[in-house]
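Chemist: Please find one structure pasted underneath; my questions will follow.
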Amino acid sequence: MKKTSAVKWTKKHLLGIEELSAEEILLILDQAVGFKEVLERPIPKVPTLRGKTIVNLFCEPSTRTRSSFELAAKRLSADMLSVAAASSSFVKGETLKDTARNIEAMKIDMIVMRHACSGAPHFLSRCVKASVINAGDGMHEHPTQALLDVFTIREKLGGIKGLNVSIIGDIAHSRVARSNIWALTKLGAKVTVCGPRTLMPAEVERMGISVTYDIREAVEGADVLNILRIQLERQQKMFFPSIREYIKRFGIDAALLERYAKKEVVVMHPGPINRGVELSQDVADSEYSVILDQVTNGVAVRMAVLFLLSHVKTDIVEQEQPKIARNRASSPQKRKKR
0 MKKTSAVKWT
10 KKHLLGIEEL
20 SAEEILLILD
30 QAVGFKEVLE
40 RPIPKVPTLR
50 GKTIVNLFCE
60 PSTRTRSSFE
70 LAAKRLSADM
80 LSVAAASSSF
90 VKGETLKDTA
100 RNIEAMKIDM
110 IVMRHACSGA
120 PHFLSRCVKA
130 SVINAGDGMH
140 EHPTQALLDV
150 FTIREKLGGI
160 KGLNVSIIGD
170 IAHSRVARSN
180 IWALTKLGAK
190 VTVCGPRTLM
200 PAEVERMGIS
210 VTYDIREAVE
220 GADVLNILRI
230 QLERQQKMFF
240 PSIREYIKRF
250 GIDAALLERY
260 AKKEVVVMHP
270 GPINRGVELS
280 QDVADSEYSV
290 ILDQVTNGVA
300 VRMAVLFLLS
310 HVKTDIVEQE
320 QPKIARNRAS
330 SPQKRKKR
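Below is the structure:
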């Protein structure tokens with residue numbers, strides 16, 4: 000498998016994109032290229048993490064991230080255990096620290112954690128010896144979402160450096176926005192964020208990016224549009240007059256793209272989509288959209304993260320498929336001898 004990054008992975012945890020160097024991000028992306036090839040094989044599985052045990056500890060609802068991590072672990076032949084807060088001892092008053100330590104006492108290797116509180120994975124990493132992966136913490140970060148997003152952009156457009164990427168929507172409450180901003184700027188993209196003033200965090204201008212409140216400015220000249228939903232579950236009050244007003248000012252539809260966007264613009268969304276609000280149905284299902292590609296790439300990227308954090312010294316991604324092919328080729332000869 001060809002790798003363009005010479006850096007070696009030394010980190011025990013993946014807690015955020017902010018703490019990663021550009022070289023470390025590229026290492027993950029390069030590793031994911033090989034794992035995507037694994038997923039396209041007739042038997043999309045390798046024994047790389049056989050004997051490892053990984054726990055999904057999700058204290059918030061999830062469809063894509065939880066399923067993606069579970070499938071990634073299984074594709075690497077690891078044992079996977081999923082723990083949902085609603086069916087755990089959290090409901091009986093057990094603390095996060097006690098829950099994690101009890102799970103670790105069962106001799107596990109990694110914990111993939113999603114939590115409503117920002118910083119919860121960082122806290123957990125100080126309480127356990129297992130590796131901790133942040134699968135989303137409050138409004139802080141969602142590192143693997145950003146990694147799969149930049150992987151998809153690089154796959155579709157050939158690179159990241161010099162691209163104009165606009166992130167549109169609820170920036171203030173979005174951990175996806177923060178992680179994407181860190182990843183994109185580290186890799187040399189020019190980032191613009193757009194949304195209502197009330198949904199724009201005060202610190203955003205200090206992150207070295209552009210800010211606009213005009214959807215046309217965000218769309219014009221952009222190579223990539225990453226659309227975010229309004230995160231009503233994190234809002235204690237409405238930050239705009241109405242959903243109807245939001246759609247009028249910041250909704251992305253085909254008419255807007257045809258008038259202002261590049262013909263080859265790439266439209267992304269981390270999901271779940273509120274169709275007809277931040278993104279119209281015709282755009283979500285159009286040739287502009289790479290939303291399902293993001294989901295597919297998420298498995299490969301998370302396989303790469305699990306592999307690197309395991310510190311397994313093997314190149315099984317390349318070696319396993321020829322071995323399978325040789326076994327198939329030799330089987331008829333053995334039967335003939337009998």
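When we follow numbering that gives the first Met the number 0, the leftmost residue of the sequence shown carries the number 0, and every step to the right adds one. In this text, a Cβ means the ideal position worked out from N, Cα and C, and glycines have one as well.
Please classify ASP97: does DSSP put it in a helix, a strand, or coil?
Modeler: The residue given as residue 97 occupies position 98 in the sequence shown. ASP97 falls in the helix class under three-state DSSP.
Chemist: Spatial neighbours of THR62 within its chain, please: CB distance less than 8 Å, with the 5 preceding and 5 following residues excluded, ordered by chain position.
Modeler: Position 63 of the sequence shown, counted from the start, is the residue given in the question as residue 62. Hits under 8 Å: GLY270 and PRO271.
Chemist: What residue range does the beta strand (DSSP E) around MET109 cover?
Modeler: Counting from one through the sequence shown, the residue named residue 109 turns up at place 110. First-last of the beta strand (DSSP E) with MET109: 109 to 114.
Chemist: Taking the runs of the alpha helix (DSSP H) that are 4 residues or longer, which of them lie wholly in the stretch 49 to 91?
Modeler: Taking only runs of at least 4 residues, the alpha helix (DSSP H) segments lying wholly in the stretch 49 to 91 are 63 to 74.
Chemist: How long is the line joining the alpha carbons of LEU25 and ALA5, rounded to whole angstroms?
Modeler: The count along the sequence shown starts at 1 and reaches residue 25 at position 26. The count along the sequence shown starts at 1 and reaches residue 5 at position 6. Going by the C-alpha atoms only, they are around 10 Å apart.
Chemist: Let's see if you can read the secondary structure: which residues bound the beta strand (DSSP E) around ASP339?
Modeler: Limits of the chain in this structure are 0 at one end and 337 at the other, which puts residue 339 out of reach.
Chemist: Let me know the alpha helix (DSSP H) ranges lying completely inside the stretch 173 to 219, each 4 residues or longer, listed in chain order.
Modeler: Segments of the alpha helix (DSSP H) lying fully in the stretch 173 to 219: 174 to 185 and 214 to 218.
Chemist: Taking all protein chains shown into account, decide if SER88 is buried (16 or more other Cβ within 10 angstroms of its Cβ) or exposed.
Modeler: Along the sequence shown, one-based indexing puts residue 88 at 89. The residue is exposed, with fewer than 16 neighbouring Cβ atoms inside 10 Å.
Chemist: So TRP181 and ILE27 are in contact, right, with Cβ under 8 Å, and what is the actual spacing, rounded?
Modeler: As a working mapping, residue 181 is identified with position 182 in the sequence shown. As a working mapping, residue 27 is identified with position 28 in the sequence shown. Contact flag wrong, Cβ pair sits at about 13 Å.
Chemist: Alpha carbons only, please: which of GLU22, LYS155, THR191 and PHE34 is nearest the one belonging to LYS73?
Modeler: Numbered from its first residue, the sequence shown carries residue 73 at position 74. For LYS73, the nearest C-alpha among the options comes from PHE34.
Chemist: For ALA71, which of VAL218, ASP222 and VAL54 has the nearest alpha-carbon?
Modeler: Numbered from its first residue, the sequence shown carries residue 71 at position 72. The residue with the shortest Cα to Cα distance from ALA71 is VAL54.
Chemist: Please identify the residue among PRO142, PRO60 and SER124 whose C-alpha is closest to the C-alpha of ARG301.
Modeler: For the purposes of this step, residue 301 is identified with residue 302 of the sequence shown, where counting begins at 1. It is PRO142.
Chemist: Looking only at its own chain, which residues have a Cβ that is under 8 Å from the Cβ of THR191, when we skip the five neighbours before and after it?
Modeler: Reading the sequence shown from its first residue, position 192 is the one you call residue 191. Taken in chain order, the residues that qualify are ASN163, VAL164, SER165, ILE166, ILE208, SER209, VAL210, THR211, GLU216, ALA217 and ALA221.
Chemist: Determine the contact status of VAL131 and LEU307, defining contact as a CB-CB distance below 8 Å.
Modeler: One-based indexing of the sequence shown puts residue 131 at position 132. One-based indexing of the sequence shown puts residue 307 at position 308. Not in contact: VAL131 and LEU307 (Cβ atoms no closer than 8 Å).
Chemist: Just the C-alpha distance for GLU51 and ARG113, rounded to the nearest angstrom, thanks.
Modeler: Sequence index remark: in the sequence shown, residue 51 carries index 52 (1-based). Sequence index remark: in the sequence shown, residue 113 carries index 114 (1-based). With the sequence shown as reference, residue 51 is identified as Lys, and Glu is not the correct amino acid for it. Near 20 Å, if we compare the C-alpha coordinates of ARG113 and LYS51.
Chemist: Taking DSSP's pairing of strands, which residues face LEU224 in a bridge?
Modeler: As a working mapping, residue 224 is identified with position 225 in the sequence shown. For LEU224, which the question treats as bridged, DSSP gives the partners SER165 and VAL266.
Chemist: Would you check if the distance between the CB atom of GLY168 and the CB atom of ILE246 is smaller than 8 Å?
Modeler: By one-based count along the sequence shown, residue 168 stands at place 169. By one-based count along the sequence shown, residue 246 stands at place 247. Not closer than 8 Å, so no.
Chemist: Grouping DSSP H, G and I as helix and E and B as strand, with all else coil, what is LEU307?
Modeler: Taking the sequence shown and counting its residues from 1, one reaches residue 307 at position 308. Three-state DSSP puts LEU307 in a helix.
Chemist: VAL32 bridges to which residues according to DSSP?
Modeler: Locating residue 32 in the sequence shown gives position 33, counting from the first residue. In DSSP, VAL32 forms no bridge with anything.
Chemist: Taking one C-beta from the stretch 133 to 141 and one from the stretch 154 to 162 each time, how about it: are there three or more such pairs within less than 8 Å?
Modeler: Segments in contact, no.
Chemist: Roughly how many whole angstroms lie between the Cα atoms of MET267 and ASP284?
Modeler: The sequence position of residue 267 within the sequence shown is 268, counting from 1. The sequence position of residue 284 within the sequence shown is 285, counting from 1. About 11 Å.
Chemist: Starting from SER124, trace the beta strand (DSSP E) in both directions and tell me its first and last residue.
Modeler: Here the question's residue 124 lines up with position 125 in the sequence shown. It is not in any beta strand (DSSP E) - SER124 instead sits in the alpha helix (DSSP H) that spans 119 to 124.
Chemist: Of all the options VAL127, LEU95, VAL149 and GLU277, which has the alpha carbon lying nearest to the alpha carbon of ALA104?
Modeler: Position 105 of the sequence shown, counted from the start, is the residue given in the question as residue 104. The shortest Cα separation from ALA104 among VAL127, LEU95, VAL149 and GLU277 belongs to VAL127.
Chemist: Would you identify the three-state DSSP class for GLY250, choosing helix, strand or coil?
Modeler: Counting from one through the sequence shown, the residue named residue 250 turns up at place 251. Coil, per DSSP.
Chemist: Need the endpoints of the beta strand (DSSP E) that VAL131 sits in, please.
Modeler: One-based indexing of the sequence shown puts residue 131 at position 132. Start and end: 130 to 136.
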